[in-house]
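Residue numbers (this note's numbering), protein chains in the order written: chain Y, 2 to 486; chain W, 9 to 444. Virtual Cβ for every residue (Gly too), placed ideally from N, Cα, C.
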Ligand SMILES: Cc1cc2nc3c(=O)[nH]c(=O)nc-3n(C[C@H](O)[C@H](O)[C@H](O)COP(=O)(O)OP(=O)(O)OC[C@H]3O[C@@H](n4cnc5c(N)ncnc54)[C@H](O)[C@@H]3O)c2cc1C
Ligand SMILES: Cc1cc2nc3c(=O)[nH]c(=O)nc-3n(C[C@H](O)[C@H](O)[C@H](O)COP(=O)(O)O)c2cc1C
Ligand code: SF4
Ligand code: SF4
Ligand code: SF4
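Here is the structure:
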């Protein structure tokens, strides 16, 4: 029995609500205002974090939001959806003092929320129009980051988006309890106000030929993201009640919450962050049981630990070392036939013969990751090169692809990371495009270390973002090496 | 974008934020860095016959986890040669013609003052600041606050300087006096063009209870130091206001003391300062803090519809008057917002033991759950007849806007202490009865 809308809305509410002014002030004052701060290095867009936090401490909220938006035009989204534990907050020096890191994400949200509500002009720096035009394919975070940067550099920019609204997965794919659609819509408005033109419901390659864009514009940016969810490849997959995770989440963002149908006993297949988002939302929307099925073990899951914790806290179930072999039922799913797996000698999952069993389910959500758009774009631009994993090949510093005047970034290039990585890619490509069209070499990082490049100061993460788990792994490797050597 | 440029007695700077004379203003290298960061002016570290400093020079007051709420130092004036200092001022002035560079000077004889003034002029400095305020080390030699504390001597020395002055002269005042307007008036009488205040306050920040030596310890012995940083701001504001209010002073003011951000600066300006100077906050966080000072002041002025920082200057000066002029019939009272109250009862105990016994603790029975998450907690309740409107409870309450002070109409016309005395004397009214 579906729950009433009110309780559903409660269940889907913000998991990290906005700070009260006093909370924000206390947290902002806790920040040490480090010089050449590690948190900046861990932010892919290189936001001057101590800078914006200091402004919260002095009560200069508009100035604070400006600092954020100058570096990251989707600062309001990122404040809510960034995995801060492995990014900025994971690098905070407080952790080295065995204290809680500064809640950078929530402070960022505080500043951008206050700003968004004041409807203040952010007075973002903008150069004079230079008469050149750039077309951006796709309206996701990568294109938005790129367009906002280009328009500020003086370019006329047009974004082509096949969907109803711009925003990409940030609009239709993020878990609702992290961010409702209004935040993205507000950001799109800000970008539109900066002068970026949007053509929605316009698919490049169908409604507009790519050749036309390449001819009429001085450069083209491909921010097309990834494609559909991978298929399970088992019998019965097309039965009613078997849905793709992305479709399920999209519904939550486009329909009133009380109109969304959720099964009583829901199976989610896969164990990445998307699977976690799907299973927690199914549970919060009223599923009696929502269970993740994963063919490998807990230690192999690719979801972030705190996402896993969230799902467990929500009461979701986990069945490890199990793979589906068939969807049962007539027209609609009534259950799954599954088989046990174990870790083979080569480290891969292998099936345990004769261990098949059946479990009843009335909804199955597929969350096996997204396909690449390789085949589509191979047809659209035959010269475009791809790497072995099907990602568009490009210079990671400038976004330049193998094709003249064509740049790219975001999920289509990195194979699927975070919103903030897509924004950073877009920004880099904007500077790559600017360098190409103005004949100047790519200039240095946008948020240079305040020491310049002297004295070993690393500066911002914009050029070389660090990821805390990678750092830790390197540190442990080194330490272990020393211990044994 | 408001106009932040300022003009202190003929010294022009693109914004009112100046680096104060001290360690951050010691060298050309620092001066370049300060101006790169955006500071509008810089008062060079005091130049005089080079001294010798001790090692171990600063100590601080840390408060509840906050470092360096107050800073104490036993450093002297510049330990670099007079030639080096003026050569560097010249070099900096050349590279930064639009920023203000002020040479801070300290000398003894009339000849030496004249010579220092000539050198300042030759270096291209926009003005000079006479350091009569250093509270340690220099007075023993008849300089620094030994001069600043003696208005007659100070007036004479300012007079010497003015004999040859061709650029604006600022006199920097020491706060280590009973009445700040006396040295300020002496500066005026001597002919100075402006005053700056405050220099550091005599202090001992702490005693190490293991070694029984005060900090900073120089090999087991300490000395009186000069106190500055956020902790001194209220004292500095008070002195700036006293000078701004005194018609016999009537000089432009450069405000100094505990300024760390744009809000502090705005308060100094509202109380009559034209420019402001910063030392400790730079020593804590570096020159970069000026970015938010400029940005924040700009946004503030825009929000208030002020076109220029000059519109802000002095706006709060008249709000501070003699106590005798305040209205004895004005009344306010504490009001608790029970939706916000968390039931810590700090207001109760503060009022009960530390003020006027005007808050009761009443049982929540019949009145709902009481404050906080736990049921059955007693409720703090203002006894309206007993509340004198002192503000203490609102000051201790840890929840923002939980206790507010509301105006209460007494229905009486305003009456100051002065008027009260007149009416009493003329028999027009009876004495207001004393409290029980
Ligand atoms: C379920 C899920 C949850 C996620 N949760 C988080 C999270 O919590 N935090 C986080 O940081 N990241 C999260 N991500 C990742 C994040 O959403 C992506 O990394 C990011 O959106 C990538 O941006 P993009 O611009 O590269 O691609 P997309 O966001 O995919 O945008 C691409 C856009 O291009 C359009 N398009 C494609 N082809 C064409 C064409 N031919 N013509 C016109 N338009 C076209 C698409 O319609 C789409 O709007 C999540 C991803 C998923 C799938
Ligand atoms: C270490 C130190 C050295 C100082 N040296 C001088 C000096 O040479 N000349 C001077 O006029 N003031 C000197 N001052 C005083 C400062 O200029 C300033 O008046 C005082 O510190 C108050 O401002 P603040 O609270 O911003 O630090 C010094 C202060 C400190 C902390
Ligand atoms: S590392 Fe932590 S304490 Fe330092 S500036 Fe960044 S958020 Fe503040
Ligand atoms: S701050 Fe610099 S000069 Fe002072 S003790 Fe530390 S290292 Fe030495
Ligand atoms: S001090 Fe404030 S929060 Fe605490 S009991 Fe009093 S009113 Fe309530």
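Distance check between residue 294 of chain Y and each of Y:174, Y:31, Y:341 places Y:341 closest, using alpha-carbon atoms only. Taking C-alpha positions only, residue 338 of chain W is separated from residue 418 of chain W by approximately 7 Å. By the C-beta criterion, the segment 387-395 of chain Y is judged to be in contact with the segment 404-421 of chain Y, since at least 3 inter-stretch pairs fall below 8 Å. Interface with chain Y (8 Å Cβ-Cβ cutoff): residue 164 of chain W is excluded.
Residues of chain W whose Cβ lies closer than 7 Å to the Cβ of residue 36 of chain Y are, in chain order, 294. Considering only beta carbons, the part of the segment 258-288 of chain W lying closer than 8 Å to chain Y consists of 269, 270, 271, in chain order.
Of the other Cβ atoms in all chains shown, fewer than 16 fall within 10 Å of the Cβ of residue 328 of chain W; this residue is therefore exposed.
Any Cβ of chain Y closer than 8 Å to the Cβ of residue 300 of chain W would place that residue at the interface, and such an atom is present.
Comparing C-alpha distances from residue 368 of chain Y to each of Y:424, Y:349, Y:32, Y:244 shows the shortest one belongs to Y:244. Cβ-Cβ distances below 7 Å link residue 31 of chain Y to 103 in the same chain, with the five nearest sequence neighbours on each side left out; the list follows chain order. Its chain contains 128, 129, 130, 131 as the residues whose beta carbon lies nearer than 7 Å to that of residue 155 of chain Y, once the 5 sequence neighbours on both sides are disregarded; these appear in chain order.
Relative to ligand 2, the beta carbon of residue 287 of chain W is positioned inside 7 Å of a heavy atom.
Per DSSP, reduced to three states, the secondary structure at residue 320 of chain Y is strand.
From the beta-carbon of residue 113 of chain Y, no residue of chain W is found nearer than 7 Å; the closest lies around 16 Å away. A straight line joining the alpha-carbon of residue 158 of chain Y with that of residue 222 of chain Y spans about 10 Å.
Counting along the chain, no alpha helix (DSSP H) covers residue 32 of chain Y, and no H or E run does either. Residue 383 of chain Y counts as exposed, since fewer than 16 other beta carbons sit within 10 angstroms of its beta carbon. For the pair residue 420 of chain W and residue 245 of chain W, the Cα-to-Cα distance works out to about 33 Å. Of all residues in the segment 168-185 of chain Y, none places a beta-carbon less than 9 Å from a beta-carbon of chain W. Taking every protein chain shown into account, the CB of residue 399 of chain W has fewer than 16 other CB atoms within 10 angstroms, so this residue is exposed. Chain Y has a Cβ within less than 8 Å of the Cβ of residue 307 of chain W. Interface criterion not met: the Cβ of residue 47 of chain Y is under 8 Å from no Cβ in chain W. When C-beta distances to chain W are compared with 9 Å, the residues of the segment 4-24 of chain Y below that value are 21, 22, 23, in chain order. Annotation: Cβ neighbours of residue 303 of chain W in chain Y (cutoff 7 Å, chain order): 61, 64. Per the coordinates, the alpha-carbon of residue 95 of chain Y lies some 6 Å from the alpha-carbon of residue 101 of chain Y. The beta carbons of residue 9 of chain W and residue 306 of chain W sit about 6 Å from each other, so the pair counts as a contact at 8 Å. With respect to the 8 Å criterion, residue 238 of chain W and residue 78 of chain W are classified as neighbours on the basis of their beta carbons.
In this structure, residue 138 of chain W lies near residue 179 of chain W, with their beta-carbon atoms less than 8 Å apart. Distance from the CA of residue 34 of chain Y to the CA of residue 50 of chain Y, rounded to the nearest whole angstrom, comes to 9 Å.
Neighbours of residue 55 of chain Y in chain W, taken as residues at a C-beta separation under 7 Å, are given in chain order as 300.
The three-state reading of DSSP puts residue 263 of chain W in strand, counting E and B together. In the structure shown, residue 351 of chain Y adopts extended strand secondary structure according to DSSP, grouped into three states. Each of W:236, W:221, W:231 was checked against the Cα of residue 207 of chain W, and the nearest Cα belongs to W:236. Within 10 angstroms of the beta-carbon of residue 440 of chain W lie fewer than 16 other beta-carbons, which makes it exposed.
Rounded to the nearest angstrom, the gap between the Cα atoms of residue 342 of chain W and residue 27 of chain W is 42 Å.
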